[in-house]
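These notes are about the structure you will find just below.
2 protein chains.
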Amino acid sequence: MHLNLERRESVILSVHPHNDRGTGIACAELAVLAGAERVEGCLFGNGERTGNVDIATLALNLHAQGVDPMIDFSDIDEIRRVVEEANQIEIHARHPYVGDLVHTAFSGTHQDAIAKGFADHRRRSAHAGHAESEMPWDVPYLPVDPADLGRTYDEVIRVNSQSGKGGIAYLLAAEFGVELPRRLQIDFARVVQRHTDTEGREVDAETLWTLFCAEYMPADGAADSTSARADAIEPLSRHRSAITAPERGRFLTVLEWRRGDDRGWSAGIGASEDEADRAASAAARRH
Amino acid sequence: MHLNLERRESVILSVHPHNDRGTGIACAELAVLAGAERVEGCLFGNGERTGNVDIATLALNLHAQGVDPMIDFSDIDEIRRVVEEANQIEIHARHPYVGDLVHTAFSGTHQDAIAKGFADHRRRSAHAGHAESEMPWDVPYLPVDPADLGRTYDEVIRVNSQSGKGGIAYLLAAEFGVELPRRLQIDFARVVQRHTDTEGREVDAETLWTLFCAEYMPADGAADSTSARADAIEPLSRHRSAITAPERGRFLTVLEWRRGDDRGWSAGIGASEDEADRAASAAARRH
């Protein structure tokens, strides 16, 4: 059409897609590639029936490809609040770029890839001597940097029954400064999985910490007096973290131990690394 | 890829689109056109982040093109209830094919085209001697017949401040059996517009009927004794309808009148056409 209009320069070739077949965005983008110069749409796809094409997604698709759409989405949640207030229709949790869940990974493999992508992004930024926000964005599963939209990274990795050790370890490290060795991550992931399978709900970092403490720091009452428990504990490995929350300034020791044929993990908290080590040993004896 | 795989017959070429750029559906459809033979998705597009591609929309896009997807969507709202219950995430009002608003036209021009499309569909069905459900579907703005999904036509035309005379007339005709002549439709649309502009809300057929009665059947108290009101009424035209609700079995007369330089419409209801005519004339005198 673009090539066959007689006085092409005298018309504005415009497309007006609705989303009835779920293809409004692709329709607009392919039309522009075919020569259209205007797209008629609505913010976040409001409009008759399934809505007019979402101009926010169109703009942010450009942004994700390195083209400046010249629209300010640096606080997308504020735009969303105004639109929801004006339209009296909520935006869906999975709406591209703006929904509550769209930067969130629950799946273990996704979390793992995203955590590695974040680390790589930081490494490349440091290597190039640029701010992280200035570096080209190339993190798996996230088409844009959530920070470009005024979002934080808090929402990116969340844990439910589909998550694995990666997400759990990430949350404990990010929220509490607690680094878990890989074999303990595997052990603790089973504990969390039992919990999420039973509860069927997402777990936040607080809950993870509560589960961790209950599992690896058994209270005195948990001790029993069977003869096996009296065997000597043999420490196999020990890992220490400086806790940043909820008990900032204290230390955590995680202790891998063997007692006869039995092996396991225990943990302890203290005002110094030594004190944390002793608490971890005491916890191991109570196991 | 499809053409360049060495042992093409030994692999299942499968795509797994998510909707991060709002293009999951188009991605799957173009992939299948390019030779893919499997699409991995979720019902109504649930799944990590923006969700996996919506297999219901993919299937119903095929249905809309005359290809049987061999999935039973004859009661799509029941499927939706199960999915919402299982996922604990509501489906958006504008989600293709299944959202609450996706078969609904508020816009006057859309309503007009849909009402004409409905009439044409009935006419072609009658002409061909087929049931309406057996005739190819070709109604503007509605990619599929809502009845194919277990939906009724009640939701198709609804009235708010963006609607015109067509939707108003359609609702009064469909719900109350009341046929309004075109010039009265224009007059009444102004009354409805004043109401929707003030209230900012959708109006249902009941409200339209209440507005209609208040406007064209003024109560006795509305009469005044200025000399102009005493002039003789000259009837210009008269239209009668058999009311189907809320007063089934009664008749409505709408009367176009002139009194000096003044022109207007009045209406009356009666147990017979004559009685309705008299009531309309009395209402005109009270104007």
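Going down the list, the protein sequences come from chains P and A. Under the working numbering, residue 287 is the last one in the first sequence; the count climbs by one each step, no gaps. Under the working numbering, residue 1287 is the last one in the second sequence; the count climbs by one each step, no gaps. All C-beta atoms, glycine included, are put in the ideal place defined by N, C-alpha and C. The structure presented is a predicted model; accordingly, all values stated were derived computationally and were not measured.
{"Asked": "Does any residue of chain A have a CB that is nearer than 7 Å to the CB of E155 (chain P)?", "Found": "no"}
{"Asked": "Is there a C-beta anywhere in chain A that falls below 7 Å from the one on R258 (chain P)?", "Found": "no"}
{"Asked": "Going straight from the alpha carbon of A1232 (chain A) to that of R1259 (chain A), what length do you get?", "Found": "6 Å"}
{"Asked": "When DSSP labels each residue in this structure, what does R1080 (chain A) get in the three-state scheme?", "Found": "helix"}
{"Asked": "Report the start-end ranges of each beta strand (DSSP E) in the segment 1234-1282 of chain A that is 3 residues or longer and not cut off at the edges.", "Found": "1234-1242, 1251-1259 and 1262-1270"}
{"Asked": "Could you list which residues in chain A have their beta carbon closer than 8 Å to that of G51 (chain P), in chain order?", "Found": "R1094"}
{"Asked": "Note down, in chain order, all residues in the segment 100-119 of chain P with a beta-carbon under 8 Å from any beta-carbon belonging to chain A.", "Found": "L101, V102, H103, T104, A105, F106, S107 and H110"}
{"Asked": "Let me know the beta strand (DSSP E) ranges lying completely inside the segment 1078-1116 of chain A, each 3 residues or longer, listed in chain order.", "Found": "none"}
{"Asked": "From the DSSP output, in three-state form, read off E9 (chain P) for me.", "Found": "helix"}
{"Asked": "Exposed or buried, which one is D1112 (chain A) when buried takes at least 16 other CB atoms within 10 Å?", "Found": "buried"}
{"Asked": "By alpha-carbon positions, which one of P:P246, P:R122 and P:H2 ends up nearest to M135 (chain P)?", "Found": "P:R122"}
{"Asked": "Residues in the same chain with beta-carbon distance under 8 Å from R80 (chain P), minus the five sequence neighbours each way, listed in chain order, please.", "Found": "F44, I91 and V98"}
{"Asked": "Could you check what DSSP says for R201 (chain P) in three-state terms: helix, strand or coil?", "Found": "coil"}
{"Asked": "Quick one: which chain P residues come within Cβ less than 8 Å of N1019 (chain A)?", "Found": "R94 and P96"}
{"Asked": "Could you give the distance in angstroms between the alpha-carbon of R1263 (chain A) and the alpha-carbon of A1282 (chain A)?", "Found": "15 Å"}
{"Asked": "Can you find the residues in the same chain that come closer than 7 Å, C-beta to C-beta, to F1118 (chain A), ignoring five residues on each side of it along the sequence?", "Found": "V1139"}
{"Asked": "Taking the C-alpha atoms as reference points, what is the distance between N19 (chain P) and N52 (chain P)?", "Found": "6 Å"}
{"Asked": "Check the Cβ-Cβ distances between H16 (chain P) and every residue of chain A, and say whether any is below 7 Å.", "Found": "no"}
{"Asked": "Quick check on the burial criterion: 16 or more other C-beta atoms within 10 angstroms. Buried or exposed for H1195 (chain A)?", "Found": "buried"}
{"Asked": "Going by C-alpha to C-alpha distance, which of A:E1040, A:L1030, A:H1127 and A:A1147 sits closest to H1016 (chain A)?", "Found": "A:E1040"}
{"Asked": "Look at the alpha carbon of L1005 (chain A) and the alpha carbon of H95 (chain P), and state the distance between them as a whole number of angstroms.", "Found": "35 Å"}
{"Asked": "Quick one: which residues of the segment 1035-1064 of chain A get their C-beta closer than 9 Å to a C-beta of chain P? List them in chain order.", "Found": "G1045, N1046, G1047, E1048, R1049, T1050, G1051, V1053, D1054, T1057, L1058, L1060, N1061 and A1064"}
{"Asked": "Which partner residues of D54 (chain P) appear in the DSSP bridge assignment?", "Found": "P:C42"}
{"Asked": "Within the same chain, show all residues whose beta-carbon is closer than 7 Å to that of T1050 (chain A), passing over the 5 residues directly before and after it, in chain order.", "Found": "H1018, N1019 and D1020"}
{"Asked": "Less than 8 Å between the CB atoms is what I'm expecting for S1107 (chain A) and S1163 (chain A), so what's the real figure, rounded?", "Found": "7 Å"}
{"Asked": "Kindly give me the distance between the Cβ atoms of L252 (chain P) and A271 (chain P), rounded to whole angstroms, as I take these residues to be in contact under 8 Å.", "Found": "Contact doesn't hold; Cβ gap of about 12 Å is too wide."}
{"Asked": "Which of helix, strand or coil does DSSP assign to I1157 (chain A)?", "Found": "strand"}
{"Asked": "Taking contact to mean at least 3 C-beta pairs separated by less than 8 Å, is the segment 140-155 of chain P in contact with the segment 55-68 of chain P?", "Found": "yes"}
{"Asked": "Which of the three DSSP states is assigned to S1133 (chain A) in this structure?", "Found": "helix"}
{"Asked": "If you run the structure through DSSP and keep just helix, strand and coil, what is S1014 (chain A)?", "Found": "strand"}
{"Asked": "Skipping 5 residues on each side, what residues in its chain have a beta carbon closer than 6 Å to that of C1027 (chain A)?", "Found": "P1017"}
{"Asked": "Taking K1165 (chain A) as the reference, which of A:E1029, A:T1244 and A:F1212 has the closest Cα?", "Found": "A:F1212"}
{"Asked": "Would you kindly work out how many angstroms separate the C-alpha atoms of D1274 (chain A) and E1234 (chain A), rounded to a whole number?", "Found": "17 Å"}
{"Asked": "Determine, for A219 (chain P), whether the minimum Cβ-Cβ distance to residues of chain A falls below 7 Å.", "Found": "no"}
{"Asked": "Should T23 (chain P) be flagged as near chain A, meaning a C-beta pair shorter than 7 Å?", "Found": "yes"}
{"Asked": "Need the endpoints of the alpha helix (DSSP H) that E1175 (chain A) sits in, please.", "Found": "K1165 to F1176"}
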